[in-house]
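A.B. asks: Each residue of the first sequence is one higher than the last, beginning at 124 in this note's numbering. A single structure is presented below for examination.
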Amino acid sequence: MFALVDCNNFYASCERLFRPDLRGQPIVVLSSGDGCVIARSNEAKALGIVMGEPYFKIKPLCHTQKVHIFSSNFTLYRDLSQRVMSIIEQAWAHTEIYSIDEAFLDLSTMEPILQEVFCQDLQKNILKCTGIPVSIGLGRSKTLAKISNFVAKRELKIPVFNIDNHLDWLKRIDVGEVWGIGRQWRKKLTCQGICTAYDLTQVDVHQLRRQFNVAVMWTALELKGISCLQLSDDTAPRKTILSSRSFSTMQTEFESLAQAVSMHSHIAYEKLREQGSLTHCVCVFLRTNRFREDLPQYEQSGSIRLIMPTDDVRLITQHAKACLRAIYKPGYSYKKAGVWLTELSDKSGYQFDLFQARCEEKLKTSANFLKVLDKINHRFGKHTLHLAALGFNNTWDAQFQFKSPAYTTRWTELPSVCNGT
DNA sequence: TCTGGGGTCCTAGGACCC
DNA sequence: TCTGGGGTCCTAGGACCC
Numbered sequence: 124m125f126a127l128v129d130c131n132n133f134y135a136s137c138e139r140l141f142r143p144d145l146r147g148q149p150i151v152v153l154s155s156g157d158g159c160v161i162a163r164s165n166e167a168k169a170l171g172i173v174m175g176e177p178y179f180k181i182k183p184l185c186h187t188q189k190v191h192i193f194s195s196n197f198t199l200y201r202d203l204s205q206r207v208m209s210i211i212e213q214a215w216a217h218t219e220i221y222s223i224d225e226a227f228l229d230l231s232t233m234e235p236i237l238q239e240v241f242c243q244d245l246q247k248n249i250l251k252c253t254g255i256p257v258s259i260g261l262g263r264s265k266t267l268a269k270i271s272n273f274v275a276k277r278e279l280k281i282p283v284f285n286i287d288n289h290l291d292w293l294k295r296i297d298v299g300e301v302w303g304i305g306r307q308w309r310k311k312l313t314c315q316g317i318c319t320a321y322d323l324t325q326v327d328v329h330q331l332r333r334q335f336n337v338a339v340m341w342t343a344l345e346l347k348g349i350s351c352l353q354l355s356d357d358t359a360p361r362k363t364i365l366s367s368r369s370f371s372t373m374q375t376e377f378e379s380l381a382q383a384v385s386m387h388s389h390i391a392y393e394k395l396r397e398q399g400s401l402t403h404c405v406c407v408f409l410r411t412n413r414f415r416e417d418l419p420q421y422e423q424s425g426s427i428r429l430i431m432p433t434d435d436v437r438l439i440t441q442h443a444k445a446c447l448r449a450i451y452k453p454g455y456s457y458k459k460a461g462v463w464l465t466e467l468s469d470k471s472g473y474q475f476d477l478f479q480a481r482c483e484e485k486l487k488t489s490a491n492f493l494k495v496l497d498k499i500n501h502r503f504g505k506h507t508l509h510l511a512a513l514g515f516n517n518t519w520d521a522q523f524q525f526k527s528p529a530y531t532t533r534w535t536e537l538p539s540v541c542n543g544t
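Here it is, written out as structure tokens:
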């Protein structure tokens, strides 16, 4: 048996945690640059605000209905996520942290009779210790646990549900709600009359393998209660690292794009160092605003493959700017740029170039420099020390107009408790 | 006027090898 | 006119997830 713990309206719940005055009020959390809706409280859902909707389209509704708007505050969400996850891991060792707000538990070694009670206790404990409400679904496979969670949250509105003796629910679940069936597969399946999760269990799995792919076949097997996906004990480092963002206003000049690309190089560098990897390939992309059909469109990417892998922010930035130079075309209004590091390798397996003199001295100097850079930024705040290439007073960077304080991670932004006097 | 960011995996096809 | 069989690796593109 598997259990899926899923935080309810996670980002909205995080925001409400430090704003008890917002209990029962509609809350919406926006994506980077206050672009789209990425989380909604139940009250906001009830107003018909849908996921992914651009903010400007719902602005009047938010105003008349007094919806509380928040910019995304990932520092806060990450911190609260870690608290929730640590409680889960303390309660049960065989756990996979699947996303910022979800964890799978493999309960197969627990007495079946204890499983539901265990989940009910866990749900109460998480709420008590963190203030974050969660729902827990149980099932014979990860996919069934997912569906079970969906039923608990959306249909029955109860904290814990075990679908094992209630598989009739599959007949009422749209096939597009099944984990692993996205928009394209849903379209293709419904064309063939496969409209519900139950329908999918009735199709020959080899036919699914042929017509779709092996993942869809596994999904169908999992719905039948045949577990194909085990917990992934994934402490493995990322295989690619990306930093990208839309601009607050469209940019035309090379210089501001170069600043943005330098900033993304810096962010990507920090992520790279954090997991102790080196990059072999630096890729840069930029694109115009695809929603502005009245403007000429351009989208391009370029990459540089390094002879020797690096984690030096100076080299990464230098190569990223060279990529940008190669793809930049004047005369366009750019909306977004990013830096993508691929072909990552572990620092311990450093491969020297056969045809160049070994340059240990140079590497040592670089390592020392980076160590100091990291140390200073760790102690005094993320962007205390950075390359001048990032520029100052960036007007192009995304705005977070409705951002809440870093309540739990910054001394100066701790919530204050007022005694009313 | 205003439309997110960051990942993974699978597959088909092409290039190459003997 | 007729031209094998059995592999591996790489890449781009497409699907999915949160």
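The beta-carbon is built from N, C-alpha and C at its ideal position, and this holds for glycine as well. Here the structure is a predicted model, which means the values were calculated and not measured.
For residue 367 versus residue 461, is the C-beta distance shorter than 7 Å?
C.D. replies: Yes, the Cβ-Cβ distance between residue 367 and residue 461 is below 7 Å.
A.B. asks: So residue 180 is in the alpha helix (DSSP H); what residue range does that whole segment cover?
C.D. replies: Start and end: 178-187.
A.B. asks: Looking at residue 323 and residue 298, is the spacing between their C-beta atoms short of 7 Å?
C.D. replies: Yes; because the gap between Cβ atoms is below 7 Å, this pair is in contact.
A.B. asks: So what does DSSP say about residue 533, is it helix, strand or coil?
C.D. replies: Residue state, collapsed to three classes: coil.
A.B. asks: Between which two residues does the alpha helix (DSSP H) harbouring residue 233 extend?
C.D. replies: Looking at the DSSP string, residue 233 is not in any alpha helix (DSSP H), and its letter there is neither H nor E.
A.B. asks: Mark residue 474 as exposed unless 16 or more other C-beta atoms lie within 10 angstroms of its C-beta, in which case mark it buried.
C.D. replies: Flag for residue 474 reads exposed.
A.B. asks: Is residue 285 helix, strand or coil when you go by DSSP?
C.D. replies: Residue 285 falls in the strand class under three-state DSSP.
A.B. asks: For a test of the three-state rule: what should DSSP assign to residue 365, helix, strand or coil?
C.D. replies: Reduced to three states, the DSSP call for residue 365 is strand.
A.B. asks: Classify residue 275: buried if its beta carbon has 16 or more other beta carbons within 10 angstroms, exposed otherwise.
C.D. replies: Under this definition residue 275 is a buried residue.
A.B. asks: Taking just the CA atoms, how far does residue 456 sit from residue 418?
C.D. replies: Between residue 418 and residue 456, the C-alpha separation is close to 8 Å.
A.B. asks: Confirm, please, whether the CB-CB distance from residue 450 to residue 420 is below 7 Å.
C.D. replies: Result no, Cβ atoms of residue 420 and residue 450 do not sit closer than 7 Å.
A.B. asks: Would you mind sorting residue 339 into buried or exposed? The rule is 16 or more other CB atoms within 10 Å of its CB.
C.D. replies: So residue 339 counts as buried.
A.B. asks: Can you check DSSP and say which residues form a bridge with residue 469?
C.D. replies: Paired residue(s): 400.
A.B. asks: Apart from the five residues just before and just after residue 319, which ones in its own chain have a Cβ nearer than 8 Å to its Cβ?
C.D. replies: If we look at residue 319 and ignore the five residues flanking it on each side, its Cβ neighbours are 293, 294, 295, 296, 297, 298.
A.B. asks: Spell out a yes or no on whether the region 349-364 and the region 207-226 are touching, meaning 3 or more CB-CB pairs, one atom from each, closer than 8 Å.
C.D. replies: Verdict: yes, contact present.
A.B. asks: Would you call residue 175 buried or exposed, if buried means 16 or more other Cβ atoms sit within 10 Å of its Cβ?
C.D. replies: Exposed.
A.B. asks: Helix, strand or coil: how does DSSP classify residue 270 here?
C.D. replies: Note: residue 270 maps to helix in three-state DSSP.
A.B. asks: Helix, strand or coil: how does DSSP classify residue 463 here?
C.D. replies: The answer is strand: DSSP assigns residue 463 an E or B state.
A.B. asks: CB residue 113 to CB residue 382, shorter than 7 Å?
C.D. replies: The chain is shown from 124 up to 544; residue 113 falls before or after that span and cannot be answered.
A.B. asks: Am I right that residue 249 and residue 240 are in contact with their C-beta atoms under 8 Å? What's the rounded C-beta distance?
C.D. replies: In fact, because the Cβ distance is near 15 Å, the residues do not count as touching under 8 Å.
A.B. asks: If distances are taken between C-alpha atoms only, which option among 140, 128, 446, 429 comes closest to residue 538?
C.D. replies: Considering only alpha carbons, the answer is 140.
A.B. asks: DSSP on residue 221, reduced to helix/strand/coil?
C.D. replies: Correct three-state label for residue 221: strand.
A.B. asks: Where do the ends of the alpha helix (DSSP H) carrying residue 193 lie?
C.D. replies: Looking at the DSSP string, residue 193 is not in any alpha helix (DSSP H); the run it does join, the beta strand (DSSP E), is 191-193.
A.B. asks: With 16 other CB atoms within 10 Å as the buried threshold, where does residue 157 fall?
C.D. replies: Buried: at least 16 other Cβ atoms inside 10 Å.
A.B. asks: Residue 341: buried (16+ other C-beta within 10 angstroms of its C-beta) or exposed?
C.D. replies: Burial call: buried.
A.B. asks: If you reduce the DSSP assignment to three classes, tell me which class residue 258 lands in.
C.D. replies: Correct three-state label for residue 258: strand.
A.B. asks: How far does the alpha helix (DSSP H) with residue 166 in it reach, from first residue to last?
C.D. replies: Start and end: 165-169.
A.B. asks: Under DSSP, the beta strand (DSSP E) around residue 129 begins and ends at which residues?
C.D. replies: Its beta strand (DSSP E) spans residues 125-130.
A.B. asks: For the putative contact between residue 400 and residue 487, defined by C-beta atoms under 8 Å, what is the C-beta separation to the nearest angstrom?
C.D. replies: Not really, about 19 Å apart at Cβ, beyond 8 Å.
A.B. asks: Considering Cα atoms alone, identify which of 155, 162, 153 is closest to residue 132.
C.D. replies: The shortest Cα separation from residue 132 among 155, 162, 153 belongs to 162.
A.B. asks: Tell me whether the beta-carbon of residue 443 lies closer than 7 Å to the beta-carbon of residue 384.
C.D. replies: The answer is yes: Cβ separation under 7 Å.
A.B. asks: Residue 227 and residue 265 look like a contact to me (Cβ under 8 Å); what is the Cβ gap, rounded to whole Å?
C.D. replies: The pair is a contact, with the Cβ atoms about 6 Å apart (cut-off 8 Å).
A.B. asks: If we ignore side chains and look at the alpha-carbon of each, how far apart do residue 269 and residue 225 end up?
C.D. replies: Between residue 269 and residue 225, the C-alpha separation is close to 10 Å.
A.B. asks: Using the C-alpha atoms, what's the distance from residue 395 back to residue 511?
C.D. replies: Straight-line Cα distance between these residues: approximately 20 Å.
A.B. asks: With which residues is residue 152 paired in a DSSP beta bridge?
C.D. replies: Bridge partners of residue 152: 162, 193.
A.B. asks: Out of curiosity, what's the CA-to-CA distance linking residue 597 and residue 154?
C.D. replies: For residue 597 there is no data in the structure shown, the boundaries of the chain being 124 and 544.
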